[in-house]
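Residue numbers (UniProt numbering): 1 to 336.
Ideal placement from N, C-alpha and C gives every residue a C-beta, glycine not left out.
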Amino acid sequence: MNPDALLDSGVVNVAGGTHECKYLGLRAHRMSFPKLGLALEPYLLIRQEYVDAWQYLVGEFQPDLAVKDLRGVSIIGQPGIGKSFLLVYLFIERMKAGLPAAFQLRDPHSFLIDEHSVTASSSVNSTCLNEYPHIWCLSDSNTYTTIPASAFFDGTFHVIQAASPLEARWRGWTKGYLAMKYYMNVWERNEPAALARCLWGQHAVRDFLDLASKWGPSPRDLVRASTDPSVEDIVLASIERAAQTFDGVYGIQPALSSEHSSAEKGLVRLESELPAEHRRREKTRFVIIGHGSWERGYAAAKDQRRRLLVAWGNVTIGYFIPLRLRGHDIVSSPED
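Put into structure tokens, the structure is as follows:
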């Protein structure tokens, strides 16, 4: 792949100024991705979160891997924030660098892609991977695939999974494969605007941000709601599932009820300072703050973080915020 042919950029106008956004132009490659099970738009917005993850993994997954070193990562985060697209970004970066990658979207097949060819194989057969002992094996945990292909665990391969917080999707394999959890940050305030600019142009930004104030900043839900207003029930169900998932995994109470609006149920994690579990090993605490708007939620989260750091010392803090949650402030720690 020619990096210069893929990378593009633009400027999006948002309240208070402008914001530069970078994206990959995939129009020339769109016919190739569906063969791997991927359906992509002509452009892929490059989040800074994607760049940070790529740089981090490159630093961790060195060829001189020792037995005790990190061998895999499960990238966990709120449903609908682009974890699967992070895998696409990692895959493209590998291709740009002339490095092989394996990709699994649906059982029973995975694909090995190198500079010369694409090879499909059974998800239980690692024969084609053995030529590349430190290959990156990318696996999307979805409706069709729960955990990475068993073939990915047969060597010294680096396994990278994108998963929801549901423990069944990551707990078992990460404990047995020297793998850790990497919490993916939710979207910053300017990123939904950049996505609208990337997909449809500047004229779509304001309406897209209005939807964000109603549905919360989950891009998957926003794109659904903006392209097809008839899917309101589907979007509501998606937000409800996200809320229930976090309630179940992190013990967040009180449980959200039907009395709360969809934006209240759109759990939002703020602050880019919540690190991967293996970067700092302190217990992570999550704070829920109820506020009447997304903007005030961000401001309150930053203020709350300053106060809690004084009380808790080095404890790493993240924020999952359902908007307008009747003013409750709740602190909870996830179980190991």
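Pair within 8 Å by beta-carbon distance, S74 and Q161: Indexing the sequence shown from 1 puts residue 74 at position 74. Indexing the sequence shown from 1 puts residue 161 at position 161. In this structure, Q161 lies closer than 8 Å to S74 by Cβ.
Where does the unbroken alpha helix (DSSP H) through T227 begin, and where does it stop? In the sequence shown, residue 227 corresponds to position 227, counting from 1. Per DSSP, T227 belongs to the alpha helix (DSSP H) from P219 to T227.
Reference Y183, options V12, I46, P42 and Y56, closest by Cα: On the sequence shown, position 183 is the one that residue 183 refers to. Measuring from the Cα of Y183, the nearest candidate turns out to be Y56.
So which of L105, G80 and P42 has the shortest CA-CA distance to W187? In the sequence shown, counting from the first residue as 1, residue 187 sits at position 187. Ranking L105, G80 and P42 by Cα distance to W187 puts G80 first.
Per-residue burial, S230 [other beta carbons within 10 Å of its own, 16 or more giving buried]: Residue numbering aside, residue 230 sits at position 230 when the sequence shown is read from its first letter. So S230 ends up on the exposed side.
Beta-carbon within less than 8 Å of C155's beta-carbon, same chain only, minus the 5 sequence neighbours each way: which residues are those? To locate residue 155, count along the sequence shown from 1; it is residue 155. Looking at the sequence itself, residue 155 is Gly, so the reference to Cys does not match. Hits under 8 Å: S126, L129, N130 and P133.
Where Q48 and L112 are concerned, what is the direct C-alpha to C-alpha distance, given to the nearest angstrom? Counting from 1 along the sequence shown, the entry for residue 48 is found at position 48. Counting from 1 along the sequence shown, the entry for residue 112 is found at position 112. Spanning the two alpha carbons is a distance of roughly 27 Å.
State the Cα-Cα distance for the pair I76 and G176, rounded to the nearest angstrom. If you number the sequence shown from 1, residue 76 lands on position 76. If you number the sequence shown from 1, residue 176 lands on position 176. Looking at the two C-alpha atoms, the distance is approximately 17 Å.
Could you give the C-beta distance for Y43 and L199, rounded to a whole number, given that I count them as a contact under 8 Å? Taking the first residue of the sequence shown as position 1, residue 43 is located at position 43. Taking the first residue of the sequence shown as position 1, residue 199 is located at position 199. At roughly 7 Å, the Cβ-Cβ gap stays under 8 Å, so Y43 and L199 are in contact.
Cα-Cα separation between T18 and L209, rounded to whole angstroms: Residue mapping note: residue 18 aligns to position 18 of the sequence shown, counting from 1. Residue mapping note: residue 209 aligns to position 209 of the sequence shown, counting from 1. For T18 and L209, the distance between alpha carbons rounds to 15 Å.
So W136 is in the beta strand (DSSP E); what residue range does that whole segment cover? Locating residue 136 in the sequence shown gives position 136, counting from the first residue. Taken as a continuous stretch (DSSP letters only), the beta strand (DSSP E) holding W136 covers W136 to D140.
Taking C-beta to C-beta, are I135 and W173 nearer than 8 Å? Taking the sequence shown and counting its residues from 1, the one referred to as residue 135 is at position 135. Taking the sequence shown and counting its residues from 1, the one referred to as residue 173 is at position 173. No, they are not a contact pair.
Residues in the same chain with beta-carbon distance under 7 Å from P192, minus the five sequence neighbours each way, listed in chain order, please. Your numbering for residue 192 matches position 192 in the sequence shown. So the list reads F208, L209, A212, P217, P219 and L222, once near-sequence residues are dropped.
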